[in-house]
Ligand SMILES: Cc1ncc(C[n+]2csc(CCOP(=O)(O)OP(=O)(O)O)c2C)c(N)n1
Ligand SMILES: Cc1ncc(C[n+]2csc(CCOP(=O)(O)OP(=O)(O)O)c2C)c(N)n1
Ligand SMILES: [Mg+2]
Ligand SMILES: [Mg+2]
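Protein chains in written order, with our numbering: chain H, 20 to 362; chain U, 20 to 362; chain C, 23 to 349; chain Y, 23 to 349.
Next up, the structure:
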């Protein structure tokens, strides 16, 4: 990779870190509500992965999705506006933090039902196979998402039909408060054995290691060798969500993982090889903070979604007499509250 | 095993074979309706398994359950009456062929939702662990039942909590009309690898091989070594159910498997070792046919369940004001049709 | 115009739409190998005619539907067959939290043009294999739900459903597959969300769908002999629910019986009765009655199954009771 | 008699029943380690107090409930916590085809004494995490369904549910966990299947449950100031459904509004309205009205979530409309 690309990886990780810290502030200021799952510590996973994909490869992830959207190039303002629940957000404030989306960039969204998005990802891979467009699907999930039925159903089928998909576990070793050994009986990588699926273990705190692993398995998929499984070992610095007091993990463990911080580690490596200077690092920090300032500003000024948009896109507009149906479906008591909501 | 026990295994297999052939006749005579899944060819699996279990070990199986009930010692008349849908059946005609049960013999029933009974079996194993009663649970399923989510959820959890359970696949190599290689990408035994579960492959056409395998894994479970997985390779001679024209399997394959018939094979072995005589074999055949004649006769004379029993056991009788609720729940138009149905 | 079966009408709809659009694919359990094409024979021959586009799948309804949702997101138009409606429960989360939510939750950026074909029905198949979840499907914003009662409706509605850009649950019926009716040879479509008069009459309105529309027709013949003239409104689509014809009819008859196959409490019949009494309060000379199934897990025994399910005689009895009683 | 929260009332019920019966066990996701005991704190401290009997599980609702069913068959009395009601859909087949069917299908030879505790509710959690399936649970023969609105009811009904020999779905509510009410210090039980007057009045009957019973109470205060005297019937148990008090009340008020939180079409409110118009036809001076949630996947945006959910003001508006309009 050339210097510029390497520096760009660094910059993207810093962007995610700064964006997440600011999101936490905005949550404290009650600009953001509901569940807010931050990506601090896991930045190298999304950034390394996206750097190895083509622009038209598909990405499907869980609710811990800010880093993925930002790494894929989604405008930070649109992401922050979504967290604020504003019209300028990636879903106009409908999905919120857990359901960012950017279909133009083949980012098919964050999903909040554990394991629920795995079959969808296999389905997208089927579409790639159907259209013979050489696309590869990356499906990211947490370690706690490997014990539910859809994990089995989706992986088993992907192998059976040789679908071009990469199942990537962002193994931060906790599912909310439940430690890995409490929810799983076998080492993560062994979970691929039952599907005879090609599997690798990857250092998720090393952006280049993630990038290289994705290159290898994406290649396999593009060449018709079918699905792969990656156990990407990482760690989240903060609680599960902003609602989590994080009393269950011991501080020493967290401190230890912070020693392996993907951002500082990568900065040091670049400095060693003279691929970046302290001055550039400072400049990037400033540049990124400016981007996030602008994002917050955009979100603050983005209006609430209009009330009369509520029924839009429950269904395609093409539906015959959905108006009639709508008027039957729609409760009388709120007629006043909605200007002229249509289905 | 002593001569008598060996001969008894033989007799049980013959009983199942004769019973199933007679069930087919009764279906043709429209005495039996709905789905009728016969066990011909798989007799050694249930007989060998049950012979290795204690009377208080728990058994949970799928809808192909006649052989299991008979092997466990359930009265053939009660089984046939259930197929007829009569009061004398194991559930008084409510469950029919797919839902035989004999709780006194720790036979917890046949289940008709593919994979649905696996969590129930793990739950029974949890109960054994909870009460420290040294019981072992045998959970039988078909090869086609290993691709659905509950397979994963139940096996994963059983391993995690070290439950005393044996997951046994009666691998007859077809799921209805779908051949093994069409529904599965890996050899059956490999499906245990993802759970790091002790696994064995067993010749399901050899009653003693099945018996010995069960002895080994039941021992493990009783000694706290947790769950096991058995790939018991067998074959069904008839179609999936009586509704199946069985056009998809080629006749040569069926003929080849009939060469390995568990009953004749076992008879020959016993004859070789002079543990049975031709005369005894004929006597057993006659004795078993008499048993099945009696079973059919019992079923024919067993009355239909009374209409007013319909609401019985929807709920426990203890429920406060279930009468009131009942009268609200119960449609008006049938009041006449039911004598005095109570909930 | 030829008489064909409901089964054949469905197959023709599938064939025509597969010929029309190469991205229409079909998958499900035992739809290729088993008995020449499907547990109930709807897809017989299609695998040969459309190589690679009709496939047998593992038994895993959550994947059949979930992978269908993903494929639809990616531009394929999957028609997923679930062997019977009972097994949709295994995929319930995929239907409710995924298929139905995508378009609205993602603000129109994602669409899910898929059809879930599955039969309601019974046949001495006992409690887990004889259920009816019409009310549950009809409760879900984002889903469209169709339940044809005739071969004509079956073909026209299935073609429309396959072309629809929303997820459609298409409820067929085991007891209707073999029934016959006239179906035009040429192509035609029936819009979703439009109910239909299956019989005109002046004394009482029956609001129904699916198998019970057929049973209601039988009851109407019996009642005709007794001088009771029944009007039958077949909803055809259960979501969106079109009650306009039912309301029009009640203005004339002033009496309505809602006829459904499933369990009564919180069944779809309750919604229909509740909406009708709300919108036609002053037109009603009698409370809206409901004919429904008994609220027990379906027993296998012949007499108990018969007692549990509603048939034409139950419909007739309910109508007689309504016509006799004074309010 | 002390004022305690709904959350504390539930915990006391769990503790008392675990002390009483050593076979009562609790399992669920994050009920031990996370935040000291549960995503919503109901089980805080119980794991320490009852070693080995309160356990964190893998995330696999189909197993949490399915293994619960099997354990119950084997004589254990599991109380399974599903973090929120939205995730019960993953286990839907286990609930409908297994928990609810066992006793009847096996002719009484098998019983399933288990409780599935799970909260309804919202909180800017968007479309897959803000749902209400009350109508679906209430549709299922073999299940009992409970939905308490006060700390007093929560404790008494949960204790009864744990002792009940049938599977009970116990619907708590995120918005009620922090609400306070008087709860006796001594033991008491509340039978399942009995509705309760939460307010006596003469002008109009509100039939409701759960959070909407509380919202209805607020609306009643507002309306009192306007000279409208509301009677509130809290169903408390959704299956079996006890409409006896509602019918008694309507005889007096001649007007009823059904108030529910979930989607209107085929919601439980429809069943209540349909049954009441059937049984109280001549007592009614106005059609039975329904207050319900709007039929869209729940949006995250504050204003849209607020518009989608029903609150006291919606109840008051519906009552006013009913009192003003002449029929
Ligand atoms: C089916 C389902 N059950 C439970 C939950 C509640 N829940 C949300 S996130 C979570 C933990 C997931 O942990 P993991 O998969 O490791 O992902 P991470 O948050 O660590 O990235 C749980 C239990 C859910 N969203 N969906
Ligand atoms: C969840 C579910 N999906 C589909 C079916 C329909 N079905 C009944 S048996 C069967 C095939 C099962 O094959 P296998 O597990 O190999 O068992 P076998 O009949 O060979 O003993 C299918 C698809 C079902 N009963 N349950
Ligand atoms: Mg994790
Ligand atoms: Mg098989």
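For every residue, glycine included, the Cβ atom is placed at its ideal position computed from N, Cα and C.
Quick one: residues with CB closer than 6 Å to any heavy atom of ligand 6, in chain order, please. No copy of ligand 6 occurs in the structure displayed; its ligands are ligand 1, ligand 2, ligand 3 and ligand 4 alone.
Please check if any C-beta of chain Y sits within less than 7 Å of the C-beta of residue 103/C. For this step, residue 103/C is matched to residue 81 along the third chain. Cβ-Cβ to chain Y under 7 Å: no for residue 103/C.
Bridge partners of residue 166/Y, per DSSP? Position 144 of the fourth chain, counted from the first residue, corresponds to residue 166/Y. Residue 166/Y is bridged to 190/Y.
So, is the C-beta of residue 337/U closer than 7 Å to a C-beta in chain H? Start at 1 with the first residue of the second chain, and residue 337/U comes out as number 318. Confidence in residue 337/U is poor, its pLDDT being 42 and thus under 50, which makes the residue's placement unreliable; the coordinate value appears in the next sentence. So, not an interface residue.
Would residue 172/H pass as a contact of residue 103/C if the rule is Cβ separation under 7 Å? For the purposes of this step, residue 172/H is taken as residue 153 along the first chain, with counting starting at 1. For the purposes of this step, residue 103/C is taken as residue 81 along the third chain, with counting starting at 1. No; because the gap between Cβ atoms is not below 7 Å, this pair is not in contact.
Run through chain D and tell me which residues come within less than 9 Å of residue 167/U, C-beta to C-beta. Among the protein chains in the structure shown, which are H, U, C and Y, there is no chain D.
Helix, strand or coil for residue 201/H? Go by DSSP, reduced to three states. On the first chain, residue 201/H is found 182 positions in, with the first residue counted as 1. Here residue 201/H sits in helix by DSSP.
Would you list, in chain order, the members of the region 236 to 254 of chain H that have their beta-carbon closer than 7 Å to a beta-carbon of chain Y? none
For a contact meaning CB atoms closer than 8 Å, what does residue 333/H contact in chain C? As a position in the first chain, residue 333/H is number 314, starting the count at 1. Correct list: 125, 126, 163 and 164.
Use the C-beta contact count for residue 158/H: other C-beta atoms within 10 angstroms, 16 or more gives buried, fewer gives exposed. Working through the first chain from its first residue, we reach residue 158/H at position 139. Buried is the call here.
Check whether chain Y comes within 7 Å of residue 141/U, counting only Cβ atoms and requiring the distance to be less than that. The residue labelled residue 141/U in the question sits at position 122 within the second chain. Taking Cβ atoms only, chain Y reaches closer than 7 Å to residue 141/U, which makes this a yes.
In angstroms, rounded to a whole number, what distance separates the CA positions of residue 73/Y and residue 86/Y? Stepping through the fourth chain from its first residue, residue 73/Y is reached at position 51. Stepping through the fourth chain from its first residue, residue 86/Y is reached at position 64. Using only the alpha carbons, I get a separation of about 19 Å.
Proximity test, residue 112/C beta-carbon vs ligand 2 heavy atom, cut-off 6 Å: For the purposes of this step, residue 112/C is taken as residue 90 along the third chain, with counting starting at 1. Yes, Cβ of residue 112/C sits closer than 6 Å to a heavy atom of ligand 2.
Under 8 Å between beta-carbons, which chain U residues line up against residue 43/C? List them in chain order, please. For the purposes of this step, residue 43/C is taken as residue 21 along the third chain, with counting starting at 1. In chain order: nothing, as chain U lies at least about 26 Å away.
Could you work out which residue in 73/U, 82/U, 107/U and 80/U is closest to residue 318/U when comparing CA atoms only? Mapped onto the second chain, residue 318/U falls at position 299. Residue 107/U is the option with its Cα nearest to residue 318/U.
So is residue 23/U in contact with chain C if we call contact Cβ pairs under 7 Å? The residue you call residue 23/U lines up with position 4 of the second chain. Chain C contact via Cβ: absent.
With a cut-off of 7 Å, does the C-beta of residue 218/H fall near any C-beta of chain U? Numbered from 1 along the first chain, position 199 holds the residue referred to as residue 218/H. No, residue 218/H lies away from the interface with chain U (no Cβ there is under 7 Å from its Cβ).
Residues of chain U with CB under 8 Å from residue 95/Y, in chain order? In the fourth chain, residue 95/Y corresponds to position 73, counting from 1. In chain order: 127, 139, 142, 143 and 146.
Identify whether residue 136/U lies in helix, strand or coil by the three-state DSSP scheme. The residue you call residue 136/U lines up with position 117 of the second chain. Three-state DSSP puts residue 136/U in a helix.
May I have the straight-line CA-CA distance separating residue 42/Y from residue 185/Y, to the nearest angstrom? Taking the first residue of the fourth chain as position 1, residue 42/Y is located at position 20. Taking the first residue of the fourth chain as position 1, residue 185/Y is located at position 163. For residue 42/Y and residue 185/Y, the distance between alpha carbons rounds to 10 Å.
Are the region 218 to 228 of chain Y and the region 30 to 37 of chain C touching, with three or more C-beta to C-beta distances below 8 Å? no
Taking its Cβ as the centre, do 16 or more other Cβ atoms sit within 10 Å of residue 321/U, making it buried, or is it exposed? Start at 1 with the first residue of the second chain, and residue 321/U comes out as number 302. Buried, since its Cβ has 16 or more Cβ neighbours within 10 Å.
Does at least one heavy atom of ligand 1 sit under 6 Å from the Cβ of residue 344/C? The residue labelled residue 344/C in the question sits at position 322 within the third chain. Residue 344/C Cβ: outside cutoff for every heavy atom of ligand 1.
Below 7 Å on C-beta distance, what does residue 122/U contact in chain Y? Taking the second chain and counting its residues from 1, the one referred to as residue 122/U is at position 103. Those are 131 and 132, listed as they occur along chain Y.
Nearest-angstrom Cα distance between residue 333/U and residue 118/C? Reading the second chain from its first residue, position 314 is the one you call residue 333/U. Reading the third chain from its first residue, position 96 is the one you call residue 118/C. If you take the alpha carbons of residue 333/U and residue 118/C, they lie about 28 Å apart.
Own chain residues within Cβ distance below 7 Å of residue 46/Y, not counting five before or after: Locating residue 46/Y in the fourth chain gives position 24, counting from the first residue. Cβ within range, chain order: 39, 40, 99, 101 and 184.
Mind checking residue 234/C: buried by the 16 CB within 10 Å criterion, or exposed? Indexing the third chain from 1 puts residue 234/C at position 212. Classification of residue 234/C: buried, given that the 10 Å Cβ count is 16 or more.
Interfacial residues, the region 163 to 189 of chain H to chain U, with Cβ spacing under 8 Å: 166, 167, 168, 169, 170, 171, 172, 175, 176, 178 and 179
Look at the alpha carbon of residue 340/U and the alpha carbon of residue 342/Y, and state the distance between them as a whole number of angstroms. The residue given as residue 340/U occupies position 321 in the second chain. The residue given as residue 342/Y occupies position 320 in the fourth chain. With a pLDDT of 35 at residue 340/U, under the threshold of 50, the predicted position of this residue should be treated as unreliable, though the coordinate-derived value follows. Their backbone Cα atoms lie some 35 Å apart in a straight line.
With a 10 Å radius around its C-beta and 16 neighbouring C-beta atoms as the bar for buried, classify residue 51/Y as buried or exposed. Along the fourth chain, read from residue 1 onward, the residue named residue 51/Y stands at position 29. By the neighbour-count rule (16 or more Cβ atoms within 10 Å), residue 51/Y is buried.
Under a Cβ-count criterion, where at least 16 other Cβ atoms within 10 Å of its own Cβ denotes burial, should residue 150/U be classed as buried or exposed? For the purposes of this step, residue 150/U is identified with residue 131 of the second chain, where counting begins at 1. Counting Cβ neighbours within 10 Å, residue 150/U comes out exposed, since fewer than 16 surround it.
Starting from the Cα of residue 232/H, find the closest Cα among 245/H, 215/H and 250/H and give me that residue. Start at 1 with the first residue of the first chain, and residue 232/H comes out as number 213. The option with the nearest alpha carbon to residue 232/H is 250/H.
Whether residue 66/H touches residue 226/H by CB criterion (7 Å): Working through the first chain from its first residue, we reach residue 66/H at position 47. Working through the first chain from its first residue, we reach residue 226/H at position 207. Contact flag set, yes.
Tell me whether residue 103/Y counts as near ligand 1, meaning its Cβ is closer than 6 Å to at least one heavy atom of that ligand. Position 81 of the fourth chain, counted from the first residue, corresponds to residue 103/Y. No, the Cβ of residue 103/Y stays beyond 6 Å of every heavy atom of ligand 1.
What are the residues that DSSP puts in a beta bridge with residue 49/Y? Reading the fourth chain from its first residue, position 27 is the one you call residue 49/Y. Beta-bridge pairing links residue 49/Y to 77/Y and 102/Y.
Which chain Y residues sit within Cβ distance under 7 Å of residue 20/H? Counting from one through the first chain, the residue named residue 20/H turns up at place 1. By Cβ distance, chain Y contributes nothing, its closest Cβ being about 37 Å from residue 20/H, past 7 Å.
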